[in-house]
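2 protein chains.
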Amino acid sequence: MSVPAIGLLHPGRMGAAVGHRLTAAGHRVSWCADGRSPATAARAEEAGLDRVADLAELTAASDVIISLCPPAAAERLAASVAETGFGGTFVEANAVSPARVRNIAGLFTAARVVDGCVIGPPPSDGATARLYLSGPGPEAARVAGLFAGSAVEAIVVDGGIGLASALKMAYGSYNKAASALAAVSHALAGTYGVGDHLLAEARRGAADHLSAPERLSGVAARAWRWAPEMEEAAATMAEANLPDELPLAAAAVFRRWDDDRDDFTIALPDVLDHLHER
Amino acid sequence: MSVPAIGLLHPGRMGAAVGHRLTAAGHRVSWCADGRSPATAARAEEAGLDRVADLAELTAASDVIISLCPPAAAERLAASVAETGFGGTFVEANAVSPARVRNIAGLFTAARVVDGCVIGPPPSDGATARLYLSGPGPEAARVAGLFAGSAVEAIVVDGGIGLASALKMAYGSYNKAASALAAVSHALAGTYGVGDHLLAEARRGAADHLSAPERLSGVAARAWRWAPEMEEAAATMAEANLPDELPLAAAAVFRRWDDDRDDFTIALPDVLDHLHER
């Protein structure tokens, strides 16, 4: 695999950006035009990717295939690659669960599967993304080597298939669900004409518990009164015909800390452990 | 109401801090010892509050009563004040829904009710909090005047009862649910041993959609693929015996934007409007 031929499925926004970083680093990267849109073709051309007609041709010509597609399509796409008898390295780089990556690995008889995930914006001259890779043996490190010196920072996570996906699920569920929370909050504030006040409060900045998890002990101690507050918020959303699921879901999380009421001394690992179903 | 006597129910962490700012500003503030804990009594004393024996005595002696208590207790507490025949100004400052504040206002026959909410930490010499107030007539402004020059910044929101509570619901549901999201994410990452990577990503900082809602148009355009990603995250949480409600709730929000797929031109007001049930 000293000069591996790379196949990319598919050149969406993220896929094309990652492919462009590979071609910029001197690699030959192919994409498969069968069934793709003119917009995809345009992105592929701009990224310097070589066009092949169909999937069979792509898999026959590739040592490494990188799968970057919408999560709902990931398993189907992997199955179609497996059906061609692909025997190289398949990088499952999508936002899917560790269990699904294990399923996907089981689809292949000849290929070696590496679990991966991309965190960050589509990489470009001005923006870097991280590609986390985990998998058995030296495959993850080999894939990481393809990106050396590029705007894709490849990071190998030791421990086998599933770890890169778990990281993506942990990070993405925070980040994307937080954007859903913000949307519902602004929709509610707009309904009552208090959007400017909400924005002013937001711009004061608030505690970010993802980057300062040590504060979660204080959250657990207060959760007994935050659960009812979230239920009040859910009722407010419902009354405004807005989705009430997010505050109800937060209340369900807070109720797992009922036994930690007003105890500000519990260590973070125990606080997190109490979230597991008992 | 030039030198009003103030009653405070109850001196919890937030109540005692707000009461302390009032006594520091020269006001006389009473609290009601009946049924409260020694910890509450200690906080009340430190805040310079006058002790009275029971609720009837407190309401008889007070021109203004400020209710600051856990949200689950707010309506019951208001009802017990109403039953005394209290005829002054009742400030419902708790984290409850606008509908509940309207219910509470309906409990009183003689009192004037002002809707309020506190956002920020318990106020002190080093920390300010905002007390938003909304209500009919000049009452909200009168209550705001009590806090002039203190570490409680009182802000009157024109438009009547419900607006201050709606603001608290919009802000609190973001902020507190985001802490629940962070907790579940760290618990998941810990389960897979990738907590350090999650923390490193968190510390890079990510888009904050509450303080930059203009980015929500891009969220709506991507929501068609983020909903399945949230379902993958939910499956990952469930497999780890962690609560899966938050990512499922985010998926439900994202599905309300199905019709906005890949349309990056929709204006923010329309994006928010699409969240309302149609």
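Chains as they are written, first to last, in the numbering used here: chain A, 300 to 577; chain B, 300 to 577.
Ideal Cβ positions, reconstructed from N, Cα and C, are used throughout, including at glycine.
Here the structure is a predicted model, which means the values were calculated and not measured.
*Exposed or buried, which one is Gly306 (chain A) when buried takes at least 16 other CB atoms within 10 Å?*
The residue labelled residue 306 (chain A) in the question sits at position 7 within the first sequence. Gly306 (chain A) is buried by the Cβ-count criterion.
*asked:* If I follow the unbroken beta strand (DSSP E) through Ile305 (chain A), where does it start and stop?
replied: Within the first sequence, numbered from 1, the residue matching residue 305 (chain A) stands at position 6. Secondary structure note for Ile305 (chain A): its beta strand (DSSP E) is the uninterrupted segment Ile305 to Leu308.
_Alpha-carbon to alpha-carbon, Ala394 (chain B) and Ala346 (chain B)_ = In the second sequence, the residue the question calls residue 346 (chain B) occupies position 47. In the second sequence, the residue the question calls residue 394 (chain B) occupies position 95. When rounded, the separation of the alpha-carbon atoms in Ala346 (chain B) and Ala394 (chain B) is 22 Å.
*Counting pairs of beta carbons, one from the segment 450-466 of chain A and one from the segment 440-452 of chain B, are three or more of them closer than 8 Å?*
Verdict: no, contact absent.
_Distance between Arg375 (chain A) and Ser396 (chain B) (C-alpha atoms, nearest Å)_ = Numbered from 1 along the second sequence, position 97 holds the residue referred to as residue 396 (chain B). Numbered from 1 along the first sequence, position 76 holds the residue referred to as residue 375 (chain A). Approximately 45 Å, taken between the alpha carbons.
*Is the beta carbon of Gly387 (chain A) less than 8 Å from the beta carbon of Asp414 (chain A)?*
The residue labelled residue 387 (chain A) in the question sits at position 88 within the first sequence. The residue labelled residue 414 (chain A) in the question sits at position 115 within the first sequence. Judged by beta-carbon spacing, Asp414 (chain A) lies beyond the 8 Å limit of Gly387 (chain A), meaning their Cβ atoms are not closer than that value.
*asked:* Is it buried or exposed, Phe563 (chain A), if we count other Cβ atoms within 10 angstroms and call 16 or more buried?
replied: Mapped onto the first sequence, residue 563 (chain A) falls at position 264. By the neighbour-count rule (16 or more Cβ atoms within 10 Å), Phe563 (chain A) is not buried but exposed.
*asked:* Is there a C-beta anywhere in chain A that falls below 8 Å from the one on Gly415 (chain B)?
replied: By 1-based counting over the second sequence, the position of residue 415 (chain B) is 116. The beta-carbon of Gly415 (chain B) is placed no less than 8 Å from the nearest beta-carbon of chain A.
*Could you tell me whether the Cβ atoms of Ala539 (chain B) and Leu487 (chain B) are closer together than 8 Å?*
Stepping through the second sequence from its first residue, residue 539 (chain B) is reached at position 240. Stepping through the second sequence from its first residue, residue 487 (chain B) is reached at position 188. Yes, the pair counts as a contact, with Cβ atoms nearer than the cut-off.
_Sequence-distant residues of its chain with Cβ nearer than 6 Å to Ala519 (chain A) (five each side left out)_ = In the first sequence, counting from the first residue as 1, residue 519 (chain A) sits at position 220. Once the five neighbours on either side are set aside, the close Cβ partners of Ala519 (chain A) are Trp556, Asp559 and Val570.
*Going along chain B in order, which residues have a C-beta closer than 8 Å to the C-beta of Arg502 (chain A)?*
Against the first sequence, residue 502 (chain A) aligns to sequence position 203. Correct list: Ser510.
*How would you label Ala316 (chain B), buried or exposed, when you count the other beta carbons within 10 angstroms and need 16 or more for buried?*
As a first step, residue 316 (chain B) is located in the second sequence; it is residue number 17 there, counting from the start. Label assigned to Ala316 (chain B): buried.
_Could you pull the DSSP bridge partners for Phe389 (chain B) from this structure?_
Here residue 389 (chain B) is taken as the residue at index 90 of the second sequence, counted from 1. The secondary-structure analysis by DSSP pairs Phe389 (chain B) across a beta bridge with B:Ile364 and B:Val412.
*Can you tell me where the beta strand (DSSP E) with Glu576 (chain A) in it begins and where it stops?*
Mapped onto the first sequence, residue 576 (chain A) falls at position 277. Run containing Glu576 (chain A): none; DSSP gives neither H nor E here.
_Can you check which of these residues, B:Val328, B:Pro420 and B:Ser423, is closest to Glu344 (chain B) by C-alpha distance?_
Translated into the one-based positions of the second sequence, residue 344 (chain B) becomes position 45. Nearest of B:Val328, B:Pro420 and B:Ser423 to Glu344 (chain B), Cα basis: B:Val328.
*Any chance the segment 500-515 of chain B sits against the segment 530-537 of chain B, with 3 or more Cβ pairs inside 8 Å?*
In short, these stretches do not touch, since the Cβ pair count stays below three.
_Going by the DSSP bridge assignment, what does Trp330 (chain A) pair with across the sheet?_
Taking the first residue of the first sequence as 1, we reach residue 330 (chain A) at position 31. DSSP lists A:Leu307 and A:Arg350 as the bridge partner or partners of Trp330 (chain A).
*Below 9 Å between beta carbons is the criterion; list the residues of the segment 461-472 of chain B that meet it against any residue of chain A, in chain order.*
Within the segment 461-472 of chain B, the residues whose Cβ lies closer than 9 Å to some Cβ of chain A are Gly461, Leu462, Ala463, Ser464, Ala465, Leu466, Lys467, Met468, Ala469, Tyr470, Gly471 and Ser472, listed in chain order.
*Got a sec: is the Cβ-Cβ distance from Ile418 (chain B) to anything in chain A below 8 Å?*
Here the question's residue 418 (chain B) lines up with position 119 in the second sequence. Using a Cβ-Cβ cut-off of 8 Å, Ile418 (chain B) counts as an interface residue toward chain A, since at least one Cβ of chain A sits closer than that to its own.
*With 8 Å set as the bound, which would you pick, yes or no: does the beta-carbon of Pro546 (chain B) sit closer than that to a beta-carbon of chain A?*
As a working mapping, residue 546 (chain B) is identified with position 247 in the second sequence. Interface residue, yes.
*Can you have a look at Val456 (chain A) and say buried or exposed, based on whether 16 or more other CB atoms are within 10 angstroms of its CB?*
To locate residue 456 (chain A), count along the first sequence from 1; it is residue 157. Val456 (chain A) comes out buried.
_Interface partners of Trp330 (chain A) on chain B, CB under 7 Å_ = Along the first sequence, one-based indexing puts residue 330 (chain A) at 31. Ordered by position in chain B, no residue passes the 7 Å Cβ test against Trp330 (chain A), which lies about 19 Å from the chain.
*Name the residue from A:Leu321, A:Arg312, A:Ala476 and A:Leu308 whose alpha carbon lies nearest to the alpha carbon of Val302 (chain A).*
Position 3 of the first sequence, counted from the start, is the residue given in the question as residue 302 (chain A). With distances taken between CA atoms, Val302 (chain A) lies nearest to A:Leu321 out of A:Leu321, A:Arg312, A:Ala476 and A:Leu308.
*How long is the line joining the alpha carbons of Ala352 (chain A) and Glu576 (chain A), rounded to whole angstroms?*
Against the first sequence, residue 352 (chain A) aligns to sequence position 53. Against the first sequence, residue 576 (chain A) aligns to sequence position 277. So the alpha carbons of these two residues sit roughly 50 Å apart.
*Which stretch, first to last residue, makes up the beta strand (DSSP E) that contains Glu452 (chain A)?*
Within the first sequence, residue 452 (chain A) is the residue found at index 153, counting from 1. From DSSP, the beta strand (DSSP E) with Glu452 (chain A) extends over Val451 to Val455.
*I think Leu515 (chain A) touches Ala481 (chain B), with their Cβ atoms under 8 Å apart; what is that distance to the nearest whole Å?*
In the first sequence, the residue the question calls residue 515 (chain A) occupies position 216. In the second sequence, the residue the question calls residue 481 (chain B) occupies position 182. Sure, about 7 Å apart at Cβ, within 8 Å.
*Sorted by chain position, which residues of the same chain lie with C-beta nearer than 8 Å to Ala566 (chain B)'s C-beta, five sequence neighbours on each side aside?*
To locate residue 566 (chain B), count along the second sequence from 1; it is residue 267. For Ala566 (chain B), where only same-chain residues beyond five positions count, the Cβ hits under 8 Å are Ser516.
*Please specify which runs of the beta strand (DSSP E), each continuous and at least 3 residues long, are wholly inside the segment 448-511 of chain A, giving them in chain order.*
As summarised for the segment 448-511 of chain A, the continuous beta strand (DSSP E) elements at least 3 residues long and confined to that stretch are 451-455, given in chain order.
*Is DSSP giving Ala539 (chain A) helix, strand or coil here?*
Counting from 1 along the first sequence, the entry for residue 539 (chain A) is found at position 240. Residue state, collapsed to three classes: coil.
*Of the choices B:Gly436, B:Gly314, B:Pro512 and B:Arg502, whose alpha-carbon is the least far from that of His485 (chain A)?*
To locate residue 485 (chain A), count along the first sequence from 1; it is residue 186. Cα-wise, what sits closest to His485 (chain A) is B:Pro512.
_Beta-carbon gap between Val578 (chain B) and Val363 (chain B) smaller than 8 Å_ = Because residue 578 (chain B) is not part of the residues shown, which for chain B are 300 to 577, the question remains open.
*asked:* For a test of the three-state rule: what should DSSP assign to Arg312 (chain B), helix, strand or coil?
replied: Taking the second sequence and counting its residues from 1, one reaches residue 312 (chain B) at position 13. Three-state DSSP puts Arg312 (chain B) in a helix.
*For the segment 486-498 of chain B, enumerate the residues whose C-beta is nearer than 9 Å to any C-beta of chain A, in chain order.*
If the cut-off is 9 Å between Cβ atoms, the segment 486-498 of chain B has Ala486, Leu487, Ala488, Gly489, Thr490, Tyr491, Gly492, Val493, Gly494, His496, Leu497 and Leu498 near chain A.
_Cβ neighbour criterion (16 or more within 10 Å) applied to Arg411 (chain A)_ = By 1-based counting over the first sequence, the position of residue 411 (chain A) is 112. Label assigned to Arg411 (chain A): buried.
*Quick one: grab the DSSP three-state call for Met300 (chain B).*
The residue labelled residue 300 (chain B) in the question sits at position 1 within the second sequence. The pLDDT assigned to Met300 (chain B) is 46, lower than 50, so where the model puts this residue is not dependable; a value taken from the coordinates is nonetheless given after this. Correct three-state label for Met300 (chain B): coil.
*List the residues of chain A that Leu337 (chain B) touches, going by C-beta distances under 9 Å, in chain order.*
Sequence index remark: in the second sequence, residue 337 (chain B) carries index 38 (1-based). First, the amino acid is wrong: residue 337 (chain B) is Pro here, not Leu. Those do not exist, as Pro337 (chain B) stays about 14 Å from chain A at its closest Cβ, beyond 9 Å.
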